[in-house]
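One structure below.
Protein chains in written order, with the numbering used here: chain C, 1 to 262; chain L, 263 to 655.
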């Protein structure tokens, strides 16, 4: 069953930010979280990584409530990559990736062989073998995000939570990064802004508005002009490219609808 | 400028140069078949190269560690020979052997007194101060994610001075508290105030240094105020001690106190090396790596307050050691704390032993406050770090 949320809600200062969301990612699948700014995507991800406790409902890892799972054990199952990571340290790529081994250390040390193997594999999966000795500051934005994914992979998780990982990247690096994520042998939950990227890369989409799920399912079922109008308040045309099994969303700037709430 | 914190040589020019290589690494279209991220031969040589590199690194760090310790012992020995009264390295060895191993080597009584009662405890306290303040800087720079953080810049040393002066001069807290206790309370109050101020100012990583400047000024002023208000000429002279630091007249019980606390601090830091690494990319990633961020941060910041307070109560507020030494150590061994912690401690100890020896003999017989030497070296490094930070922003 792995990591899943059962009707979780979370409020801050009286406002309901996440409203009764249930999320059961299929193991190995890539699940896209969509929704306008402030719709609760990031908050849901933070609930699922256990840094915040839901005010009602429950997030479970297997059968255990997330709050009862020791942090270190959780970090060996669930890894997180954010929008943008940066550091002042002159740290090498390999050492960034090695950070992912911290949760695997016991009280008196780790297993150097297993650590080295996990780091090497993570570097290879992300195509960073050649850049292992490079300093963080010399990396491009795309490489930095890949290094963070490699760090997450070195944790050897079953689940990867990504919060708008492509936000600061140009289109080439956006495509590269999402290609990489979908190929990884883990369950990924990824918050995204770009509907076309979501349609291209995700097996399953969940659309949030005002913290609640308004749609969920296959990209071609979920992404309809009606839903886009309702959730984002924009007019859109949705074409189904049957040959390439792809959904293409194009927007009509002249027919922008009046803004909806949130 | 060839300061120890000048930026390390970069193996490649920044950002854009990497993009061409990127293109090979990951296939772009999700619909096409997978292409391996890198060629097998490149991978093998890469792995082999890294394994060889690791073996070399282990050897280097072992020899570096032993070399560093040997250099520290030699530095202490050499520093003890320096001063108005001539004492040779052999004399120093004999005196130490007499006291530690009961060797009963004949030495002059005056030499024994100068070495054992005066210069050796002083050199050892200097070493403890350098090591301890360096460690405090390394911890603060990691936890607060600010390369400019150190106990002096953040006002913790000033707060400890104020606390010690309040106990020593005003007699606050009665007999029970003691100078060290007062310094510890002062350090805690100052640290809490500076962190609260930086949060008030917006909580950015740069704010903490601004808040530290305010804290330093406030507590320095309070210290001066207390000393001048009580206005006994002997104690007024003491204000220099609390503001700039001095190792005049330290005794063996000072050695025991400072060395004991610093040794304990070093052990705790070494045990926390990986936790300190985990903060490199901020609290969120540290938490996602399984750390109890608040607990670890609170515990380690309390440790820095304890170390700073102890050292300030013994030697006054010596500035910039904590700022400079971790950067010098990073240039030598990189940012991983497993190596950074011991390197900073040894390097800091050696540095401070020589700075103190220099301050003793530079204007002999008038001793220079220890903080003058460290500031003369530290301020240019501070400026270099600021400039480098701006270039990167």
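Backbone N, C-alpha and C fix where the C-beta goes; we use that ideal spot for every residue, glycine too.
If you reduce the DSSP assignment to three classes, tell me which class residue 370 of chain L lands in.
Coil, per DSSP.
Between the segment 62–77 of chain C and chain L, which residues of the former have a C-beta closer than 9 Å to a C-beta of the latter?
Cβ contacts with chain L come from 70, 71, 72, 73, 74, 75 and 76.
Taking residue 89 of chain C as the query, report the chain L residues whose CB atoms sit under 7 Å from its CB, ordered along the chain.
Within 7 Å Cβ-Cβ: 542 and 597.
Please tell me whether residue 536 of chain L has its Cβ less than 7 Å away from any Cβ of chain C.
Residue 536 of chain L counts as touching chain C.
So, under 8 Å CB-CB, residue 597 of chain L and residue 89 of chain C are touching, yes? Tell me the CB distance rounded to an integer number of Å.
Yes, residue 597 of chain L and residue 89 of chain C are in contact; Cβ-Cβ is about 4 Å, under 8 Å.
Please return the same chain residues whose Cβ sits closer than 6 Å to the Cβ of residue 524 of chain L, not counting the five positions on each side in sequence.
Excluding residues within five positions, the ones whose Cβ falls inside 6 Å are 390, 393 and 394.
In whole angstroms, what is the alpha-carbon distance linking residue 407 of chain L and residue 609 of chain L?
Distance between the alpha carbons of residue 407 of chain L and residue 609 of chain L: 22 Å.
Less than 7 Å between C-beta atoms, sequence neighbours within five positions excluded: which residues of the same chain meet that for residue 405 of chain L?
Contacts found: 541, 559, 562 and 563.
Against chain C, which members of the segment 549–560 of chain L pass a CB distance test of less than 8 Å?
Those residues of the segment 549–560 of chain L that come within reach of chain C (Cβ to Cβ, closer than 8 Å) are 549, 550, 551, 552, 553 and 554.
Looking at the strands, I want to know which residues DSSP matches up with residue 30 of chain C.
Bridge partners of residue 30 of chain C: C/188.
For the segment 531–558 of chain L, list the alpha helix (DSSP H) runs that are entirely contained and at least 4 residues long, ordered along the chain.
Runs of the alpha helix (DSSP H) inside the segment 531–558 of chain L: 535–540 and 545–550.
Just tell me which of C/135, C/78 and C/97 has its CA closest to the CA of residue 126 of chain C.
Ranking C/135, C/78 and C/97 by Cα distance to residue 126 of chain C puts C/97 first.
Just by C-beta distance, which residues in the segment 393–419 of chain L are closer than 9 Å to chain C?
Per Cβ criterion, the list reads 403, 404, 407, 408 and 409.
Closest to residue 517 of chain L by C-alpha separation, out of L/553, L/632 and L/575, would be which residue?
It is L/575 whose Cα lies nearest to the Cα of residue 517 of chain L.
Could you check where the beta strand (DSSP E) with residue 209 of chain C kicks off and where it finishes?
Element bounds for residue 209 of chain C: 204–209.
Going by the C-beta, is residue 487 of chain L closer than 6 Å to any heavy atom of the ligand FMN?
Among the ligands in the structure shown, none appear at all, so the ligand FMN cannot be discussed.
Once you ignore the five residues that flank residue 14 of chain C on each side, which residues in its own chain have a CB closer than 8 Å to its CB?
If we look at residue 14 of chain C and ignore the five residues flanking it on each side, it has no Cβ neighbours.
Give me whichever residues DSSP pairs with residue 59 of chain C in a beta bridge.
Paired residues: C/5.
Where residue 617 of chain L and residue 602 of chain L are concerned, what is the direct C-alpha to C-alpha distance, given to the nearest angstrom?
Distance between the alpha carbons of residue 617 of chain L and residue 602 of chain L is about 21 Å.
Find out if the Cβ-Cβ distance for the pair residue 216 of chain C, residue 163 of chain C is shorter than 7 Å.
Not a contact, by the Cβ cut-off of 7 Å.
For residue 15 of chain C, which residues does DSSP report across the bridge?
Paired residues: C/12.
Any beta carbon of chain C sitting closer than 7 Å to that of residue 276 of chain L?
Confidence at residue 276 of chain L is low in this model, with a pLDDT of 38, below 50, so the placement of that residue should be treated as unreliable; the coordinate-derived value is given next. Interface residue, yes.
Can you give me, in chain order, the residues of the segment 573–599 of chain L that have a beta carbon less than 8 Å from any beta carbon in chain C?
The segment 573–599 of chain L vs chain C, Cβ under 8 Å: 592, 596, 597 and 598.
Scan the segment 27–53 of chain C for residues whose Cβ lies nearer than 7 Å to a Cβ of chain L and list them as they occur along the chain.
Those would be 49 and 51, in chain order.
Exposed or buried, residue 588 of chain L, counting other C-beta atoms within 10 Å across all chains shown (16 or more means buried)?
Buried, because 16 or more other Cβ atoms sit within 10 Å of the Cβ of residue 588 of chain L.
At the level of alpha carbons, what is the spacing between residue 599 of chain L and residue 366 of chain L?
Each residue's alpha carbon lies about 43 Å from the other.
Have a look at L/553, L/385, L/412 and L/331 and flag the residue whose alpha-carbon is nearest the alpha-carbon of residue 641 of chain L.
Here the closest residue by C-alpha is L/412.
Note down, in chain order, every chain C residue with its Cβ under 7 Å from the Cβ of residue 468 of chain L.
Neighbours of residue 468 of chain L on chain C: none; closest Cβ ~11 Å, over 7 Å.
If we cut at 7 Å on Cβ distances, does residue 105 of chain C have a partner in chain L?
Taking Cβ atoms only, chain L reaches closer than 7 Å to residue 105 of chain C, which makes this a yes.
Return the chain-ordered list of same chain residues with a C-beta closer than 7 Å to the C-beta of residue 539 of chain L, the five sequence neighbours on each side being excluded.
For residue 539 of chain L, where only same-chain residues beyond five positions count, the Cβ hits under 7 Å are 598 and 599.
At a CB-CB cut-off below 8 Å, which residues of chain C make contact with residue 603 of chain L?
Per Cβ cutoff of 8 Å: no residues; residue 603 of chain L is ~14 Å from chain C at best.
Tell me residue 237 of chain C's beta-bridge partners as DSSP assigns them.
For residue 237 of chain C, which the question treats as bridged, DSSP gives the partners C/250.
Between residue 93 of chain C and residue 131 of chain C, is the Cβ-Cβ spacing less than 7 Å?
Yes; because the gap between Cβ atoms is below 7 Å, this pair is in contact.
Give the interface partners of residue 546 of chain L over in chain C, defined as CB-CB distance under 8 Å, in chain order.
Those are 51, 80 and 82, listed as they occur along chain C.
Using only alpha-carbon positions, find the residue among L/595, L/446 and L/442 that is nearest to residue 321 of chain L.
The shortest C-alpha separation from residue 321 of chain L is found at L/595.
Going by C-alpha to C-alpha distance, which of C/104, C/195, C/184 and C/208 sits closest to residue 223 of chain C?
Checked all of C/104, C/195, C/184 and C/208; the closest Cα to residue 223 of chain C is C/195.
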